[in-house]
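Number of protein chains: 2
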Amino acid sequence: MRSISIVGVGLTKFGEHWDKGLKELIAEAGTLAIEDAGIGKVKIQAVYAGCMASGRFNGQEHIGALAADVLGLNPIPATRLEGACASGGLALRNAYLAIRTGEFDVALVVGVEKMTEVDTGDAGFALGGASDAETELFAGASFPALYALMAQAHMAEFGTTEEQLAAASVKNHKNASQNPYAQFRNEITVADVMKSGYVASPLKLLDCSPITDGAAAVVLMATDVARKMNAARKAVEIIASAQASDTLDLAHRNNLYETAAAKKAVQDAYRQAGISAKDVSFAEVHDCFSIAEIMAIEALGFCRQGEGGKFTADGHTAIGGKTPVNTSGGLKGDGHPVGATGVKQAIEAYWQLNNLAGARQVRGAKIGLTHNVGGSGATAVIHLYRKA
Amino acid sequence: MRSISIVGVGLTKFGEHWDKGLKELIAEAGTLAIEDAGIGKVKIQAVYAGCMASGRFNGQEHIGALAADVLGLNPIPATRLEGACASGGLALRNAYLAIRTGEFDVALVVGVEKMTEVDTGDAGFALGGASDAETELFAGASFPALYALMAQAHMAEFGTTEEQLAAASVKNHKNASQNPYAQFRNEITVADVMKSGYVASPLKLLDCSPITDGAAAVVLMATDVARKMNAARKAVEIIASAQASDTLDLAHRNNLYETAAAKKAVQDAYRQAGISAKDVSFAEVHDCFSIAEIMAIEALGFCRQGEGGKFTADGHTAIGGKTPVNTSGGLKGDGHPVGATGVKQAIEAYWQLNNLAGARQVRGAKIGLTHNVGGSGATAVIHLYRKA
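So the protein lines, in turn, are chains A and B. Sequential numbering from 1 applies to the first sequence in this note's numbering. Sequential numbering from 389 applies to the second sequence in this note's numbering.
Shown next as C-alpha cells:
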C-alpha cells in the first residue's frame with residue numbers, strides 16, 4: 001500500500017478574528033502549509049476542505065471551490081467534506097484515500113470555520129445540526145446538554161467526579177499556555193472550573209470548548225513523491241486512517257457512557273498499523289467538553305473503561321505522563337473552529353513527531369494519534385502517525 | 389485499475405414532499421437502491437452522502453451519519469460531500485475513489501435535498517451559498533441573475549436567441565412527461581416559455597429549474613465482487629470520473645459564455661475512457677437554467693462553441709437526435725433537489741444502459757455521460773458509463 005505523508009502544515013491563530021472572513025482564514029493557513037512543504041503551489045493537484053456549518057455561519061457553501069479559488073489553485077478538483085466537528089478529519093481521510101488510488105500525488109487539506117459572524121444563540125443552533133435535529137435540537141437539547149447527559153451517565157456508572165472532569169480542562173489550559181496558536185493561554189485551576197457557572201449540569205463553563213474562528217491546513221503527499229521532490233525532510237507518515245459511525249441521537253445508543261464509533265474506529269486503526277494503545281506516544285483527542293476527553297481516552301484504550309476520570313486527575317495524560325493527551329491544548333484550550341479542529345490535530349502530531357512542539361514537546365515521541373468526533377459521537381475519525 | 393459499477397439504484401419521486409423529511413427521503417431512496425442491487429444491506433461497507441445546504445434548509449448537518457443511521461447501517465463509515473449543486477456527483481466520485489483503493493468493495497451513495505421547509509426567499513439565499521457569497525450573494529445577485537449574465541454574454545457573442553434557450557426547456561418537459569419520477573410531467577411549447585414572466589432577463593420562469601424535494605441512491609461495487617455476489621446482472625461500469633474547479637465568482641472568469649471547469653473535466657474524462665464526444669450515446673447535463681444546457685453541450689463537445697442554441701432548436705439533443713440530452717427530463721423537467729441531482733443523473737445512465745428507460749429509451753445506447761455542476765460552474769464533475 002502506498003505510503004502517504006504530511007509534508008507541510010499551516011495554522012492561523014485560533015480565536016475571534018473580527019478582521020478575517022472564511023477566505024482570509026483559508027488563504028493564511030493554506031499558504032503557510034504550501035510554504036512549509038516548500039513545493040510551490042503548482043504542485044498541488046487537489047483540495048479537500050473540511051467545514052461544518054458555513055451555510056449557517058456565513059451564508060457560504062461550496063467551500064472546496066472557495067478554497068481552491070482564494071489560493072489560486074483552479075482548475076484542480078476541490079471538494080468539501082462535512083461530518084459535523086469531524087469535518088477536518090474527514091477531509092484529511094478522503095485526501096489520503098484519493099492519493100492511495102494514485103489519482104493524485106499531492107493534495108492540500110484545509111479545515112476552516114468562521115463562527116463569530118452570528119450571535120451565540122444562532123451559533124448554538126448551527127452546531128445543533130450535528131445532532132439529530134428532529135429529535136434533539138428542535139426539542140431544545142443543546143450540545144452542552146447532550147454531553148451533560150453523557151457525563152451524568154458516566155458519573156452514575158463509574159463514580160466519575162466533577163473534579164476529575166475539571167482536571168481535563170486544567171491540563172488543556174496548561175498545555176495551551178505553551179501554544180502560540182491557542183485561543184486561551186491562561187492557566188486555570190480545578191477550583192476555577194468548579195466555581196464557573198453551570199451550562200448544563202454537571203458541565204460548567206470551563207468544561208466547555210468555546211466558539212472560535214480559525215483554519216488549519218496540511219499538504220499531503222505520496223511519500224515517495226515527496227522524497228523525489230526533496231519535500232520529505234519533515235514528512236510524517238499516516239500509518240492508519242479509520243472511520244466509524246454511531247446513531248445520530250443519544251436515545252438510540254446502548255448506553256451513554258461510552259463512544260461506540262470511536263471504539264470501532266480505533267480498533268480498525270490499531271489493526272492497520274499493527275500496534276496497540278500502549279504504543280501511542282501522544283494523542284490529540286476531541287475534548288469539545290471535558291467529559292468527551294474522559295470518554296475518548298477510555299475508547300482509545302489508554303486506560304480502562306470507567307477509569308478515565310481518575311487517570312486524568314492522576315496526571316497520566318499530562319505532558320510527561322503515561323500517555324500525553326491534547327498537548328496542543330485541545331479544543332478547550334486552543335478553541336474549536338469546528339471544521340478546522342481535525343486538521344489542527346494532525347498539525348500537532350506533525351510538530352510533535354518533528355520535535356517542533358517547543359515547551360509542549362513529548363520526549364521521544366514515536367507514534368501519534370488523532371481522534372476527531374462529530375456531534376455526540378455519530379462520526380469518529382482516527383489517524384495514526386509516525387515520522388516517515 | 390479496478391473496475392467499479394453501479395449495481396442498484398433507488399429514487400424518490402421529485403417534487404414537493406410535505407409529508408417527508410430528510411430522513412424519510414434518504415430511507416426511501418437508499419432502501420430501493422439496496423433492494424435493486426439484491427445484496428442485502430449488511431454488504432454495504434460505506435455511505436457517501438451528497439447534500440448542499442441542509443443546514444439552512446433543515447437545520448440539520450452531519451448528513452453522512454444521518455444517512456447511515458436511518459438506513460440502519462452503523463457502524464460503517466459515513467461521509468457527506470458538498471460542492472453546491474454538484475454534491476451528488478462528488479459523493480459518487482468519492483465513493484468510486486474509495487473503492488478503487490480497495491478500502492471498500494461496496495458503498496451506498498445517497499444524494500438528498502429537502503428544500504421546501506423554508507420559503508422561497510430563504511431558499512434563494514441558501515442556494516446563493518453556491519456563489520461567492522461576499523461578492524455576489526450579499527450584493528444581491530441571485531442564481532437566476534448570475535445565469536442571466538451568462539445568457540446575455542452567450543447571446544451577445546454568438547447570437548443565441550431566447551427561442552433557442554426555450555427549446556431546451558421544451559425538450560426537457562417532453563422527456564419528463566415520460567418519467568414517472570419527474571416533478572413536471574406537462575409538455576410545454578416555445579410560446580409557453582416566451583410568455584412566462586422574466587425572472588432575470590433573458591431568463592424567464594420556464595427557463596429555470598424549480599425548488600424540489602427528493603433523494604436518489606446508487607449501490608456502487610467493485611465489478612468483480614458484484615459478479616461473485618451475483619449482483620452484476622444490471623451492472624453499469626463507471627469508465628471515467630473527473631472533476632475540475634473554476635473561480636467561484638463570475639467576475640474573475642475569462643469570459644461568461646463558456647464553462648472552463650466542465651471543459652477541463654470532460655477532457656480528462658474522455659482521456660480516461662479513451663473516447664471522444666462523438667462516442668457518447670446520451671448525456672444528462674446540469675440544466676439548472678436553459679442557458680446552462682446550451683453551455684454544457686458546447687463544453688462537452690456535442691456541438692461547436694456558440695452553436696448550442698441552434699443545435700438544441702434543431703432537435704439534435706432530443707431522443708432520436710444526434711446526442712440525446714437529459715432524457716430524464718433534466719433539472720428543468722424532473723426538478724432539482726440540489727444534493728440529489730448528481731446521483732439522479734447516474735440513475736438515468738443506469739436505466740438507459742440497461743434498456744430500462746421505457747418511452748425515454750435511447751436505442752442502442754452504449755456510453756452515457758453525466759455532467760453535474762456546482763454554482764455558476766465553479767465545480768464540475770463528469771462521469772462516463774457503459775454496461776459492464
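Think of the CB as a built atom: it goes at the ideal place given N, C-alpha and C, for glycine as much as any other residue.
C-beta atoms of residue i and residue j nearer than 9 Å
i	j	result
Gly214/A	Leu25/A	yes
Lys23/A	Val70/A	yes
Val55/A	Ala514/B	Checking the displayed sequence, the identity of residue 55/A turns out to be Gly instead of Val. Yes; because the gap between Cβ atoms is below 9 Å, this pair is in contact.
Lys13/A	Gln178/A	no
Gly342/A	Gln352/A	no
Arg390/B	Gly490/B	yes
Ala277/A	Val285/A	no
Ile626/B	Ile427/B	no
Phe282/A	Thr312/A	no
Asp249/A	Glu136/A	yes
Tyr48/A	Ala130/A	no
Leu203/A	Ala148/A	yes
Met194/A	Val106/A	no
Gly390/A	Ala226/A	This structure cannot speak to residue 390/A, because chain A is shown only from 1 to 388.
Ala141/A	His450/B	no
Val219/A	Asp207/A	no
Ala455/B	Val500/B	yes
Ala346/A	Thr327/A	no
According to DSSP, residues forming a beta bridge with residue i
i	result
Lys411/A	Within the shown structure, residues of chain A are numbered from 1 to 388, placing residue 411/A beyond reach of any answer.
Leu203/A	Ala200/A
Cys85/A	Gly83/A
Met221/A	Ser5/A and Val106/A
Cys596/B	Phe677/B
Leu757/B	Ala671/B and Leu772/B
Gln631/B	Val769/B
Ile414/B	Ile414/B pairs with nothing; no bridge assigned.
Ile626/B	Tyr773/B
Asp213/A	Gly15/A and Lys114/A
Ala49/A	Arg80/A and Val110/A
Gly762/B	Thr767/B
Val193/A	Paired residue(s): none; Val193/A is not in a bridge.
Gly398/B	Ala605/B
Residue i burial status per 10 Å Cβ neighbour count (16 or more: buried)
i	result
Met440/B	buried
Thr767/B	buried
Ala251/A	exposed
Glu258/A	buried
Leu356/A	exposed
Ser629/B	buried
Glu187/A	exposed
Asp510/B	exposed
Ser201/A	exposed
Gly746/B	exposed
Ala244/A	buried
Gly89/A	buried
Asn446/B	buried
Arg271/A	exposed
Ala527/B	exposed
Beta-carbon neighbours of residue i, restricted to chain A and to distances below 9 Å
i	result
Asn482/B	Thr79, Leu81, Asn94, Leu97 and Ala98
Met440/B	Gly55, Glu61 and His62
Chain-ordered neighbours of residue i on chain A, where CB pairs are closer than 8 Å
i	result
Phe513/B	Gly59
Leu636/B	His62, Ala65, Leu66 and Asp69
Gly762/B	His62 and Ala65
Chain-ordered neighbours of residue i on chain A, where CB pairs are closer than 7 Å
i	result
Pro463/B	Ala244, Ser245, Asp246, Ala260, Ala261 and Lys264
Val521/B	Reading the sequence as shown, one finds Ala at residue 521/B and not Val. Going along chain A in sequence order, the residues near Ala521/B (Cβ under 7 Å) are Asn58, Gly59 and Gln60.
Gly499/B	Near Gly499/B there are no residues of chain A at all, since even the closest Cβ is about 14 Å away, more than 7 Å.
Leu478/B	Thr79
Ala518/B	Glu61 and His62
Leu525/B	Gly59
Partner residues on chain B for residue i, Cβ-Cβ distance less than 8 Å
i	result
Ala84/A	Glu449, His450 and Ala453
Gly21/A	Glu522
Per-residue contacts from residue i into chain B (C-beta, under 9 Å)
i	result
Glu103/A	Leu485, Arg488 and Ser629
Ala393/A	Outside the modelled stretch of chain A, which goes from 1 to 388, sits residue 393/A, for which no answer is possible.
- the segment 289 to 307 of chain A / the segment 165 to 172 of chain A touching (three or more Cβ pairs under 8 Å): Touching, yes, given that three or more Cβ pairs across the two stretches are closer than 8 Å.
- Touching by the beta-carbon criterion (3+ pairs, under 8 Å), the segment 370 to 377 of chain A and the segment 39 to 47 of chain A: The answer is no - the segment 39 to 47 of chain A does not touch the segment 370 to 377 of chain A, with fewer than three Cβ pairs under 8 Å.
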